[in-house]
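Peer 1: Could you have a look at this structure, given as structure tokens, before my questions?
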Amino acid sequence: IEMPGVPSSKGCDACRRVKKKCDELKPCSRCRRLQIICIGSGQQRFKFKNAESQQMKTANGERKRARVVISPAKVLANCPRISTQMPGNELATSFANTLTITDVRYDITYYGSFLKEIPRRLGSSVALDASVKAVVTAYPYFRHQNFSPDAYMEYCNSLRALRESLNDPVEAQSPNTLCAVYLITICQSWLGRYDDKLKSHGEAIAHLMKIADLRKCQTSFEKDMIITLTVPVILEAVVNPRIQMGSQWWEDVTRRFSVAPRPRNSNPPRSSNTLSTLAKFPEWIRRPDPYIPEIAVVYLTMRDDADRMGQYLAHWSDPASNSFTDSTAIEHCRYQAGYTLVVTLALILNTLLRAFDPHNTVLITEAYTFCDHIIREAEIACRYRPLGAAYVSLCLVVGCSAAEDPQQLAHIQALLTDYSTDFKEINWIERAMWLRAAFYSHNLRVGSNGNTTSDSDLGGGLLAAAWGEHNGRPESCVLM
Numbered sequence: 008i009e010m011p012g013v014p015s016s017k018g019c020d021a022c023r024r025v026k027k028k029c030d031e032l033k034p035c036s037r038c039r040r041l042q043i044i045c046i047g048s049g050q051q052r053f054k055f056k057n058a059e060s061q062q063m064k065t066a067n068g069e070r071k072r073a074r075v076v077i078s079p080a081k082v083l084a085n086c087p088r089i090s091t092q093m094p095g096n097e098l099a100t101s102f103a104n105t106l107t108i109t110d111v112r113y114d115i116t117y118y119g120s121f122l123k124e125i126p127r128r129l130g131s132s133v134a135l136d137a138s139v140k141a142v143v144t145a146y147p148y149f150r151h152q153n154f155s156p157d158a159y160m161e162y163c164n165s166l167r168a169l170r171e172s173l174n175d176p177v178e179a180q181s182p183n184t185l186c187a188v189y190l191i192t193i194c195q196s197w198l199g200r201y202d203d204k205l206k207s208h209g210e211a212i213a214h215l216m217k218i219a220d221l222r223k224c225q226t227s228f229e230k231d232m233i234i235t236l237t238v239p240v241i242l243e244a245v246v247n248p249r250i251q252m253g254s255q256w257w258e259d260v261t262r263r264f265s266v267a268p269r270p271r272n273s274n275p276p277r278s279s280n281t282l283s284t285l286a287k288f289p290e291w292i293r294r295p296d297p298y299i300p301e302i303a304v305v306y307l308t309m310r311d312d313a314d315r316m317g318q319y320l321a322h323w324s325d326p327a328s329n330s331f332t333d334s335t336a337i338e339h340c341r342y343q344a345g346y347t348l349v350v351t352l353a354l355i356l357n358t359l360l361r362a363f364d365p366h367n368t369v370l371i372t373e374a375y376t377f378c379d380h381i382i383r384e385a386e387i388a389c390r391y392r393p394l395g396a397a398y399v400s401l402c403l404v405v406g407c408s409a410a411e412d413p414q415q416l417a418h419i420q421a422l423l424t425d426y427s428t429d430f431k432e433i434n435w436i437e438r439a440m441w442l443r444a445a446f447y448s449h450n451l452r453v454g455s456n457g458n459t460t461s462d463s464d465l466g467g468g469l470l471a472a473a474w475g476e477h478n479g480r481p482e483s484c485v486l487m
């Protein structure tokens, strides 16, 4: 093998293809302006040829002087260390470029900071490679909601690769496969696929987390991924009774991966509750009776946390004056999400407590206030849609399930209907009715002596009139 020369240009592939000057930034200015994926910017390229085929004879039959032959091992020794599977290198670059987007409306690190570690893992898992390819292909179209056939094709390819990995007992327990399911969930939410009845991958994620050997999750990537995925599994379990992780599993996860709670006097103020507390919510919603004293204690803590966080957020400058890539806008978006979720969790506990004390005027007033705050933050967060406000639909679902005031309920319904257009694959309205039915069942059971509140008093009649009857349970994941 010989190296006849090193190309001088380090421009990206897109600029080289049209012979445009590239500023070699990552991504380059031209690709950023055109909103296309920038691949290979600033990358030194090497060209190798067979030495025998390059030997040329002169007219007199004499050979030209042979070029210097360089061993590929010596060349590669001086190059940056890269994956041995070459297709993964281009894919890793494309995914890394996607991660550089800092516009809070389209920043995919919203899905978890561990995504930044994925490029270095490519080439070791067919399912992970296929899922990353699906995300990279769909992302440019996601910003304009006009998907090409390539995006759907790569999504289908990722499902096929994932099914093959799930059929392998070893691969099924791999962190790479779990990560692939999560990425497919992301891609599927962008595409809004209905044809495969894929309401949610929550069950598939929960199943893979249950069979995974948590003792082998030692790297920072694996630990961060488990913590990140645990939260959507918990929230999915709130409205999906088929997700049954078991108390022992939750204890194992929280013992191995929980972070220490923040002090209550931290600045800025944060929620002082832990992952172990959040993990109890599905069980509390299904069977609150034995846990009422504990629920009451956690409720008071969350109510106080929400009050402190709300006061801090109220002093924030108008977010509309900031650019979507400005650090202030990003910080406001993240803090607002945390505050709204704390309010939402407090509202869940408030609704459970009201089932056992339906005439408690303090709880009734606080429930109205929580719903009002969810409405306000949903309207403010609208500017961060879609990704920066992706959490809002869940908060509105809880608001719909807990609101009693007809006007307030109608306002939340309208907001939820609007937000549901961002990620069309999830039937948020169905989930709202499912959760409201769960809450109402506690009222019926506790108030079986005839003193319970009626369906119409709780707004159940209004919900049914607006959206129709729910079908009894959420649909399951096709992968299961």
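Residue numbers (our numbering): 8 to 487. Glycine included, each C-beta is placed from N, C-alpha and C at the ideal position.
Have a look at H214 and K27 and give me their C-alpha separation to the nearest angstrom.
Peer 2: Here residue 214 corresponds to residue number 207 of the sequence shown, with the count starting at 1. Here residue 27 corresponds to residue number 20 of the sequence shown, with the count starting at 1. Going by the C-alpha atoms only, they are around 49 Å apart.
Peer 1: Exposed or buried, R24, counting other C-beta atoms within 10 Å across all chains shown (16 or more means buried)?
Peer 2: For the purposes of this step, residue 24 is taken as the residue at position 17 of the sequence shown. Here R24 is exposed: its Cβ has fewer than 16 other Cβ atoms, across all protein chains shown, within 10 Å.
Peer 1: Between which two residues does the alpha helix (DSSP H) holding N183 run?
Peer 2: In the sequence shown, counting from the first residue as 1, residue 183 sits at position 176. Its alpha helix (DSSP H) spans residues P182 to L198.
Peer 1: Just curious, the alpha helix (DSSP H) that K217 is in, first and last residue?
Peer 2: Walking along the sequence shown from the start, residue 217 turns up at place 210. Segment G209 to I218, the alpha helix (DSSP H) holding K217.
Peer 1: Work out the CA separation of G49 and E6 for me, nearest whole Å.
Peer 2: Absent from the model: residue 6. The displayed extent of the chain is 8 to 487, so no value can be given.
Peer 1: List the endpoints of the continuous alpha helix (DSSP H) containing T107.
Peer 2: Mapped onto the sequence shown, residue 107 falls at position 100. Unbroken run through T107: none, as it is neither H nor E.
Peer 1: Assuming contact is defined by CB atoms lying nearer than 7 Å, are I46 and C19 in contact in what I supplied?
Peer 2: Mapped onto the sequence shown, residue 46 falls at position 39. Mapped onto the sequence shown, residue 19 falls at position 12. Taking the C-beta atoms as reference points, C19 is found nearer than 7 Å to I46.
Peer 1: Give every residue of the same chain whose Cβ lies closer than 6 Å to the Cβ of A179, excluding the five residues on either side of it in the sequence, and list them in chain order.
Peer 2: Taking the sequence shown and counting its residues from 1, one reaches residue 179 at position 172. Excluding residues within five positions, the ones whose Cβ falls inside 6 Å are L173.
Peer 1: Look at the Cβ atom of A409, then the Cβ atom of I292, and state whether they are nearer than 7 Å.
Peer 2: By 1-based counting over the sequence shown, the position of residue 409 is 402. By 1-based counting over the sequence shown, the position of residue 292 is 285. Going by C-beta atoms, A409 is not nearer than 7 Å to I292.
Peer 1: From K17 to A336, what does the alpha carbon distance come to, in whole angstroms?
Peer 2: Position 10 of the sequence shown, counted from the start, is the residue given in the question as residue 17. Position 329 of the sequence shown, counted from the start, is the residue given in the question as residue 336. K17 and A336 have their C-alpha atoms roughly 34 Å apart.
Peer 1: Looking only at its chain, what residues have a beta carbon closer than 7 Å to the beta carbon of T100, apart from the 5 residues adjacent to it on each side?
Peer 2: Here residue 100 refers to the residue found at position 93 when the sequence shown is read from its first residue. Closer than 7 Å at the Cβ level, and outside the excluded window around T100, lie I46 and G47.
Peer 1: L32 by DSSP, collapsed to three states: which one?
Peer 2: As a first step, residue 32 must be located in the sequence shown, where it is residue number 25. DSSP places L32 in coil when its eight states are reduced to three.
Peer 1: Pick out whichever of K123, N96 and E338 has its Cα sitting closest to the Cα of E131.
Peer 2: Counted from its first residue, the sequence shown places residue 131 at position 124. According to the sequence as given, residue 131 is Ser; it is not Glu. The option with the nearest alpha carbon to S131 is N96.
Peer 1: Assign I108 to one of two classes, buried (16 or more other C-beta atoms within 10 Å of its C-beta) or exposed (fewer than that).
Peer 2: As a first step, residue 108 must be located in the sequence shown, where it is residue number 101. By the neighbour-count rule (16 or more Cβ atoms within 10 Å), I108 is buried.
Peer 1: Buried or exposed for D312, going by 16 or more other Cβ atoms inside 10 Å?
Peer 2: Within the sequence shown, the letter at position 305 stands for residue 312. D312 comes out buried.
Peer 1: Anyone know if the C-beta pair for S155 and Y148 falls short of 7 Å?
Peer 2: Walking along the sequence shown from the start, residue 155 turns up at place 148. Walking along the sequence shown from the start, residue 148 turns up at place 141. In this structure, Y148 lies closer than 7 Å to S155 by Cβ.
Peer 1: Any idea what DSSP makes of C402, helix, strand or coil?
Peer 2: Indexing the sequence shown from 1 puts residue 402 at position 395. C402: helix per DSSP, three-state reduction.
Peer 1: By Cβ distance, which residues of its chain are closer than 6 Å to A80, with the 5 residues on each side in sequence left out?
Peer 2: Here residue 80 is taken as the residue at index 73 of the sequence shown, counted from 1. Confidence at A80 is low in this model, with a pLDDT of 44, below 50, so the placement of that residue should be treated as unreliable; the coordinate-derived value is given next. Once the five neighbours on either side are set aside, A80 has no close Cβ partner at all.
Peer 1: So is I218 buried or exposed if we call it buried at 16+ other beta carbons inside 10 Å?
Peer 2: The sequence position of residue 218 within the sequence shown is 211, counting from 1. It counts as exposed.
Peer 1: Does the separation of the CB atoms of P295 and A244 fall below 7 Å?
Peer 2: In the sequence shown, counting from the first residue as 1, residue 295 sits at position 288. In the sequence shown, counting from the first residue as 1, residue 244 sits at position 237. No, Cβ-Cβ distance for P295 and A244 is not below 7 Å.
Peer 1: Is there contact between the region 175 to 193 and the region 118 to 133, where contact requires at least three CB pairs shorter than 8 Å?
Peer 2: yes
Peer 1: Who are the near neighbours of F264 in its chain, counting only those whose CB is closer than 7 Å to its CB and skipping five residues on each side?
Peer 2: Taking the first residue of the sequence shown as 1, we reach residue 264 at position 257. Cβ neighbours of F264 beyond the five flanking positions: K230, I233 and I234.
Peer 1: In this structure, does DSSP put Y113 in helix, strand or coil?
Peer 2: By 1-based counting over the sequence shown, the position of residue 113 is 106. Looking at Y113 - three-state DSSP - the assignment turns out to be coil, as it is neither helix nor strand.
Peer 1: If you run the structure through DSSP and keep just helix, strand and coil, what is S120?
Peer 2: Taking the sequence shown and counting its residues from 1, the one referred to as residue 120 is at position 113. S120 falls in the helix class under three-state DSSP.
Peer 1: How do the region 324 to 335 and the region 364 to 376 stand: do at least 3 beta-carbon pairs fall below 8 Å, yes or no?
Peer 2: no
Peer 1: By the 10 Å Cβ neighbour count, where 16 or more other Cβ atoms means buried, how is A327 classified, buried or exposed?
Peer 2: Stepping through the sequence shown from its first residue, residue 327 is reached at position 320. When all chains shown are included, A327 counts as exposed.
Peer 1: Can you tell me whether G119 is buried or exposed? The criterion is at least 16 other CB atoms within 10 Å of its CB, across all chains shown.
Peer 2: Taking the first residue of the sequence shown as position 1, residue 119 is located at position 112. Classified as buried, G119 has 16 or more neighbouring CB atoms from the shown chains inside 10 Å of its CB.
Peer 1: Cβ of K4 within 7 Å of Cβ of E171?
Peer 2: Residue 4 lies beyond the range of the chain shown here (8 to 487); nothing can be said about it.
Peer 1: Using the C-alpha atoms, what's the distance from R127 back to A397?
Peer 2: As a position in the sequence shown, residue 397 is number 390, starting the count at 1. As a position in the sequence shown, residue 127 is number 120, starting the count at 1. Distance between the alpha carbons of A397 and R127 is about 27 Å.
Peer 1: Assuming C378 contacts L354 (C-beta within less than 8 Å), just tell me the rounded distance between them.
Peer 2: Counting from one through the sequence shown, the residue named residue 378 turns up at place 371. Counting from one through the sequence shown, the residue named residue 354 turns up at place 347. Here C378 really is in contact with L354; their C-beta atoms are around 7 Å apart, less than 8 Å.
Peer 1: For a test of the three-state rule: what should DSSP assign to D203, helix, strand or coil?
Peer 2: Position 196 of the sequence shown holds residue 203. Residue confidence for D203 is low, a pLDDT of 43 falling below 50, so the modelled location carries little weight; the figure read from the coordinates is stated next. DSSP places D203 in coil when its eight states are reduced to three.
Peer 1: Between P34 and the rest of its own chain, which residues show a CB-CB distance below 7 Å, the 5 nearest in sequence each way excluded?
Peer 2: Taking the sequence shown and counting its residues from 1, the one referred to as residue 34 is at position 27. If we look at P34 and ignore the five residues flanking it on each side, its Cβ neighbours are C45, S48, N104 and T107.
Peer 1: Between the alpha carbons of C407 and C38, how many angstroms are there, rounded?
Peer 2: Numbered from 1 along the sequence shown, position 400 holds the residue referred to as residue 407. Numbered from 1 along the sequence shown, position 31 holds the residue referred to as residue 38. C-alpha separation (whole angstroms): 43 Å.
Peer 1: Mapping DSSP to helix, strand and coil, what is M160?
Peer 2: Here the question's residue 160 lines up with position 153 in the sequence shown. In the structure shown, M160 sits in a helix (DSSP, three-state: H, G or I).
Peer 1: Let me confirm a value: E373 is counted as buried when at least 16 other C-beta atoms fall within 10 Å, else exposed. Which label applies?
Peer 2: Here residue 373 refers to the residue found at position 366 when the sequence shown is read from its first residue. Buried, since its Cβ has 16 or more Cβ neighbours within 10 Å.
Peer 1: Just the Cα atoms here: how many angstroms apart are D259 and N450?
Peer 2: Stepping through the sequence shown from its first residue, residue 259 is reached at position 252. Stepping through the sequence shown from its first residue, residue 450 is reached at position 443. C-alpha separation (whole angstroms): 33 Å.
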